[in-house]
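Data first, discussion second: the structure below is written as structure tokens.
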Amino acid sequence: MSSTETEPLLARRPLDAVKNKESLVLIFVGLALAVFISALDETIVATSAFSIVSQFEAFGIYPWISVAYLVCLNASQPLYGKLSDIFGRRPIILFAVIVFLVGSAGCGWAPSMTVLLASRCIAGIGAGGLTGIAFVIIADLFPLEDRPKYQSILMSSYGLACVIGPVIGGVFTKRLSWRWCFWINIPVCIITIVIMAAFLHLPRPQGDARPGLKDVDFAGAFSLVAAVSCIMVPTGLGGNYWAWNSAPVITLYLGGVICLALFFLVEHRYSSNPIIPLRLLKNMNLVRAWTTLFFYGMAFFTFMFYLPVWFEVVEGSSAERTGLQLIPLLVGQVSAGLLYTKLDRLASRLPYSPLRVLVHAGCLIFILGTVLRTFVNPSTSRVIEAAGLLLLGFGGGLMLQTSFMSAQSAVDPEDLASANSLAVFSENLGGSIGLSISAAVNRMELGKRFSQIPADVLSAEALSAIEHNPSLVRDPGFLSDMAREVVIEQFVGSIGLAFKASVAFAVLAYITVLVFKHRA
């Protein structure tokens, strides 16, 4: 990050960077909306995906409604930090919102699954610049000691969207159309564009910005996109469309490794302005924060993807009710964000780093919530079920906030944009990889269990139909009561295995905290 853009802002009070207090409030609202719609698009499809793939008869690629979005978000995320250093914050966040708007509109009017997935990719490219740049702008406007208060509000906005996304998706799907899950972004994007264009007036780098494009690490970005794509495609499609030992899977994984090696070579030897300055990898506080966020994303996205499947298939909930059953996550996540400043104050009384105390607490609470979830079965009390989701939300909220603060406090001002953008990148990359792994695990386990069901209980044709459209389990005209109980039992086992994978991911996050000691 150039000193001409960042250092003066960090030295100023917020009102020096904007015209007046009212403008500051509007800017903050615009940033909160940007974070909100980015997170909303990650989760709103959780309760609408069944309807989408049913309409297009494409349940075999069900996970890719989320994965396509996350892969493109992950691939574009690091580039935005550097572009904002060259062109300034306002042009880049406006560009990101406009691209996101175009992608959302394409999803809403998609006539086929191919168009929808392509539009999800476009929306993901736009979303890659929303959350990371919003946090960078907060860091530009406010000094370090004031940031937790404002960042906790942004995190609450993110958490709110993550949780009410499935609720909104369920309501739209049942009462209107799944297409409204994407159309809802359009007016929010327009409001955000107007606010950012009219009121955000941070200093821009001096001189013509166009020569700065020569310093953008396009080679690094391309090799990173190629590496992420080559790894994600076989992870998502392996065991379903391709056998794990097939030529496409092996070739793509090998290509991913080669592209990743090429990326590090470009960053180390050839890039004058690398997306990921490799010297940052020597900063153990930063590495710890990124790695913790990576494993958190693996666990959290797996739960967000499979909880709706559990509610709808195992418990027989409607899409609307499924969204409501996820509300305890809202209470936990928002509470963690709102209480963070007070918790930080309490932790500062202990003879340890407050960040370290809170990230330990967050990890342990998060793990407890994931473990409780694995003991849930169709007869479990809804109170216990809600308590587990509450713990998931609260523990996850603490992990997110402390990891972001740790990343910011670990770097100098010139590396702030990279640290923030890569923190968001780490979380979402973990989410997409965790989602792909869990989807493969669930698919293989369900296939194995279905193969053991006797033909006199359920025909192979019926089982194949259910594998492509699990909503048939709750169709009273499709299965007998006895067959339905047998099929639900198999889903309990396969989804339960995906939840156990999430426990492992959460434990890996805590191991990261234990292994990488905090260095003041």
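Numbering-wise (our numbering), the sequence shown opens with residue 3 and increments by one. Where is the CB? At the ideal position from N, CA and C, for every residue including glycine.
DSSP places Ile63 outside any alpha helix (DSSP H), giving it a letter other than H or E.
Judged by beta-carbon spacing, Trp180 lies within the 9 Å limit of Ile54, meaning their Cβ atoms are closer than that value. Between Arg451 and Gln403, the C-beta spacing is not below 9 Å. Beyond the five residues adjoining it in sequence on each side, Leu33 comes within less than 8 Å, by CB distance, of Ala136, Ile139, Ile140 and Leu156 in the same chain, given in chain order. No residue range can be given for Ala412, since it is assigned to no alpha helix (DSSP H) and is classified by DSSP as neither H nor E. Judged by DSSP in its simplified three-state form, Gly240 adopts strand. With at least 16 other beta carbons inside 10 angstroms of its own, Asn187 counts as buried. Within the segment 130-160, the complete alpha helix (DSSP H) runs of at least 4 residues fall at 132-143. Across the set Ala388, Lys284, Met234 and Trp246, the C-alpha of Met234 shows the shortest separation from the C-alpha of Cys261. Inter-segment contact for the segment 386-399 and the segment 194-201 is absent: fewer than three beta-carbon pairs are separated by less than 8 Å. Taking a C-beta distance under 9 Å as the contact criterion, Val505 and Val311 do not qualify as a contact pair. Trp182: member of the alpha helix (DSSP H) spanning Trp182 to Trp185, first to last residue.
A distance below 7 Å between beta-carbons, with the five flanking residues on each side excluded, links Met300 to the following residues of its chain, in chain order: Gly432, Gly433, Ile435, Gly436 and Phe507. When the alpha-carbon of Gln327 is set against those of Arg476, Pro189, Gly167 and Leu516, the nearest one is in Gly167.
Secondary structure note for Asp483: its alpha helix (DSSP H) is the uninterrupted segment Asp483 to Val517. Cβ atoms of Pro472 and Val315 come within 8 Å of each other, at about 5 Å. Residue environment for Ala457: exposed (fewer than 16 other C-beta atoms within 10 angstroms of its C-beta). Nearest neighbour of Cys74 by Cα position, chosen from Cys183, Thr237, Val227 and Val47, turns out to be Val227. Put simply, of Val27, Leu132 and Asn285 the residue whose alpha carbon is nearest the alpha carbon of Tyr82 is Leu132.
Per DSSP, Gly318 is not a residue of any alpha helix (DSSP H), being assigned neither H nor E. DSSP places Arg351 outside both helix and strand once states are collapsed to three, so it counts as coil.
Between Leu256 and Arg91 a beta carbon distance of about 39 Å is seen, past the 8 Å cut, so the two are scored as non-contacting.
Note that the C-beta distance between Gly171 and Gly318 is not below 9 Å. With respect to Tyr160, Gly126 sits apart: the two C-beta atoms are not nearer than 9 Å. Each of Ala500, Phe30, Met115 and Val489 was checked against the Cα of Asp142, and the nearest Cα belongs to Phe30.
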